[in-house]
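Note that the protein sequences, when read in sequence, are chains A and B.
Numbers 1 to 280, taken from the numbering used here, label the letters of the first sequence in order.
Numbers 1001 to 1361, taken from the numbering used here, label the letters of the second sequence in order.
Even glycine gets a Cβ: it sits at the ideal position worked out from N, Cα and C.
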Amino acid sequence: MAEEDPSLVSRHSFLESTLRGFTRAVSKALLSEHAATQSGLLQQLDPRVRVIGILALVISVIVCRRLEAIAALLLIAIAIAVASRVSLSSLAKRVWLVILGFSGMIALPALFLTPGEPLFTAPILHLSASVQGMRTAVLLVLRVETAATLTTVLVLSTAWTHILKALRSLHLPAEVVTMLAMTHRYVFLLIETANQMFESRQSRTVGILSGSEQRKMTARTAGVLLSKSIELSHEVYLAMLSRGFRGEVRLLTDFHLRSRDYVGLTAFIFTSFLAVWIGR
Amino acid sequence: MHIPDGYLSPSTCATLYLFAASGWYAALKRIKQLLATRAIPLISVFAAFSFVVMMFNVPLPGGTTGHALGVGVAVIVLGPWGSMLAISIALAIQALFFGDGGITTLGANCFNMAIVGSFTAYAVYRMIAANSQLNSRRRVLAGAVAGYVSINAAAFVTAIEFGIQPTLFHDASGTPLYAPYPLHVAIPAMMIGHLTFAGLAEAAISAGMVSYLQQADLGLLRGVGGLAQTAGPTIADPHAERSQRRLWWAVALLMLCTPLGILAAGTAWGEWSSADLMNPHTQEQIGAASGNHAPPSSVPAGIQKLSTLWTAPFPGYAPRFIKSPVFGYLLSAMFGVGFFVLASLVGGVIARKWPRRTLRS
């Protein structure tokens, strides 16, 4: 097989990276749908309890000021993930490594830029790191990792429709919940449409495109997608009217709390308060 | 620019949720008034479109790529309120379903990108596009600048939110508890990336889409369902005429009041001439007005040198041949106002001529 010309690779890289982004989004959604059907700890609880409980834990992560308390919450988040049959390898790939790379890069200069007691001096660069700098960097990364682990575990263990129903039962306006549900539905349709447009364009691209041609192509694709979206919204509106939509939104909330839900809710709230008290 | 959980303190998150919630409430009310039952599907599908556009890799000069927010186009098509809602919904889906941006920071992200971004884009687009034709090049420029300025305004607000964290939230040892960088680090760190790559990506996608819509779907530049007021007035507005008449009356009244300046005693502080600095009587006044600091005994060399550089046509607000100071003040006011009116008219003629060069289809 002939080796690929590097210039050919680079000229299509923006198309390929956009297509990769679409694929990632769809695979994430599929993984979430799959995990939500497993029978685990979170899956057995009422979606409202899951949403309130995880939200309480995320808030306690933000409120805690001590590293030890946040580290304990991270361990609790991992335990919940394992009990809810969320794959740790997918958590590591989707959350831990990504955050370590992103927030770690952001936090690293804080080691040297934060004034305080000297900790060590970096060789070659002769930059002095401070104890306070180390502490703030670890605090930031740990906090982001813990909060993101908790939210990912919630999303992976709960069907999107259940999250929306739970939000509605928490008195989020019905219009907002409906818009979130519809947007989520049409995101995948529009991703599919954009994917097809990019693929068909990629298959027809033979010569080398200049930078300005590439930008025009991207803008035109976005423009066509916009026109299609507006047309789609008209069609959706007509379909809603044909089904008797008169502007009022009614959602079915058929959740019933059982004794284990009360136990779960108490455990979540107790853990959150305990973490805040220890980490104050 | 999507702030994850953990970068902002609980009180910052709560405050920004409050700001964002006020914006959402006002936007929802306004959109429902204008669109009634059509609002829900339109905003939902547009939010889905915004979500997908945010995933596009926009090629930039130098071989790199960047992601755009698409707030410029959202404002042009939906107006600021519709854009605010659509971008907020897209950000909420990103945070709740795809883990892009935090849950506790969702209010902050919506405030920065959906509210600040939308209103900045709207103001810039209205200011530059003015009443130009929908298919003019000026609209393309307006779209590009609106996109560029709005993303940078959102980034600037984000940088301020980051930058105030170490000052307001640190422990007893001085360890910052949330975002660790102060304003003088956070602002340049955020702005360098946005003034270059992200800003360019936003400008490119906004300008490119406006240009595309001019050729393929001009109707969308007028806005959807009367939501956007970015297309400019198409019929004469009686209210605008009335307010313009009021403005002229106010200008005339202010001109008549200009002789009141004669009543003021002494010289305005800091506006001394070489002659004032040489005059012993004026020197006393300068000293008294400057906290009893004695002025220099001779005219400083710089003032002496520059004072001969330019001689005003009406020195002391009155031409030399006018003896009455009251009449001199009135004449100066009329001349000044007349000069600015003339400059505005010339500017208006140039601006009207510019958009006539339309795109070749």
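Residue i classed as buried or exposed, judged by whether at least 16 other C-beta atoms fall within 10 angstroms
| i | result |
| --- | --- |
| H256 (chain A) | exposed |
| A2 (chain A) | No answer about A2 (chain A) holds up, because its pLDDT of 41 lies below 50 and its placement is not dependable. |
| A1236 (chain B) | Caution applies to A1236 (chain B), whose pLDDT of 44 falls short of 50 and renders its modelled position unreliable; the value that the coordinates give is listed next. Exposed, because fewer than 16 other Cβ atoms sit within 10 Å of the Cβ of A1236 (chain B). |
| W1081 (chain B) | buried |
| T266 (chain A) | exposed |
| V1071 (chain B) | buried |
| E1161 (chain B) | buried |
| V263 (chain A) | exposed |
| R168 (chain A) | buried |
| K1029 (chain B) | exposed |
| L127 (chain A) | exposed |
| V206 (chain A) | exposed |
| E192 (chain A) | exposed |
| R215 (chain A) | buried |
| I124 (chain A) | exposed |
| S17 (chain A) | exposed |
| L1359 (chain B) | Because L1359 (chain B) sits at a pLDDT of 41, beneath the cut-off of 50, its placement in the model cannot be relied upon, and the following sentence gives the value as read from the coordinates. Looking at its Cβ environment, which holds fewer than 16 other Cβ atoms inside 10 Å, L1359 (chain B) is exposed. |
| P1233 (chain B) | Model confidence at P1233 (chain B) stands at a pLDDT of 47, short of 50, so the residue's coordinates are unreliable; what they give is reported in the following sentence. Exposed, because fewer than 16 other Cβ atoms sit within 10 Å of the Cβ of P1233 (chain B). |
| E1284 (chain B) | exposed |
| T114 (chain A) | buried |
| L190 (chain A) | buried |
| C1110 (chain B) | buried |
| I208 (chain A) | exposed |
| Q1214 (chain B) | buried |
| L1220 (chain B) | buried |
| S203 (chain A) | exposed |
| A1114 (chain B) | buried |
| A1159 (chain B) | buried |
| Q132 (chain A) | buried |
| N1135 (chain B) | buried |
N- and C-terminal bounds of the alpha helix (DSSP H) containing residue i
| i | result |
| --- | --- |
| P1188 (chain B) | 1183-1193 |
| V63 (chain A) | 47-63 |
| G1199 (chain B) | 1199-1216 |
| K165 (chain A) | 160-169 |
| M179 (chain A) | 174-204 |
| G211 (chain A) | 211-242 |
| M1001 (chain B) | Per DSSP, M1001 (chain B) belongs to no alpha helix (DSSP H) and is neither H nor E. |
| G264 (chain A) | 259-278 |
| G104 (chain A) | 97-107 |
| A83 (chain A) | 67-83 |
| S90 (chain A) | 88-91 |
| A1294 (chain B) | No alpha helix (DSSP H) holds A1294 (chain B); DSSP gives it neither H nor E. |
| F255 (chain A) | No alpha helix (DSSP H) contains F255 (chain A), which DSSP labels as neither H nor E. |
| F112 (chain A) | 110-113 |
Sheet register partners of residue i (DSSP bridge)
| i | result |
| --- | --- |
| S130 (chain A) | A:P118 |
| N1057 (chain B) | B:H1067 |
| P1176 (chain B) | B:H1170 |
Residue range of the unbroken beta strand (DSSP E) whose run includes residue i
| i | result |
| --- | --- |
| G1066 (chain B) | 1065-1067 |
Cβ-heavy atom distance, residue i to the ligand MN, below 7 Å
| i | result |
| --- | --- |
| L67 (chain A) | Here there are no bound small molecules, and the ligand MN is not part of this structure. |
message: My parser needs the alpha helix (DSSP H) runs of 4 or more residues fully inside the region 1084-1156 of chain B; what are they?
response: Those alpha helix (DSSP H) runs which fall completely within the region 1084-1156 of chain B and span 4+ residues are 1106-1109, 1117-1129.
message: With a threshold of 8 Å, are at least 3 pairs of Cβ atoms found where one atom belongs to the region 1123-1135 of chain B and the other to the region 1019-1029 of chain B?
response: no
- prompt: Can you find at least 3 beta carbon pairs, one from the region 213-223 of chain A and one from the region 1050-1062 of chain B, that sit closer than 8 Å?
  reply: yes
query: Per the contact definition of three or more C-beta pairs closer than 8 Å, is the region 91-103 of chain A in contact with the region 1146-1163 of chain B?
result: no
Inter-stretch contact at 8 Å, needing at least 3 Cβ pairs: the region 144-155 of chain A / the region 1183-1192 of chain B: With the cut-off at 8 Å, the region 144-155 of chain A and the region 1183-1192 of chain B do not touch.
message: I want to know whether the region 18-34 of chain A touches the region 1087-1098 of chain B - three or more CB-CB distances under 8 Å.
response: yes
message: Any contact between the region 1197-1208 of chain B and the region 160-167 of chain A? By contact I mean 3 or more CB pairs, one from each, below 8 Å.
response: These segments do not touch.
query: Are the region 1204-1224 of chain B and the region 132-140 of chain A touching by the rule of at least three beta carbon pairs closer than 8 Å?
result: no
- request: Flag this pair as touching only if the region 1031-1044 of chain B and the region 169-180 of chain A have three or more C-beta atom pairs under 8 Å; answer yes or no.
  value: yes
- prompt: Just checking, does the region 66-82 of chain A make contact with the region 272-279 of chain A on the three C-beta pairs under 8 Å criterion?
  reply: yes
message: I want to know whether the region 1084-1091 of chain B touches the region 226-236 of chain A - three or more CB-CB distances under 8 Å.
response: Touching, no, given that fewer than three Cβ pairs across the two stretches are closer than 8 Å.
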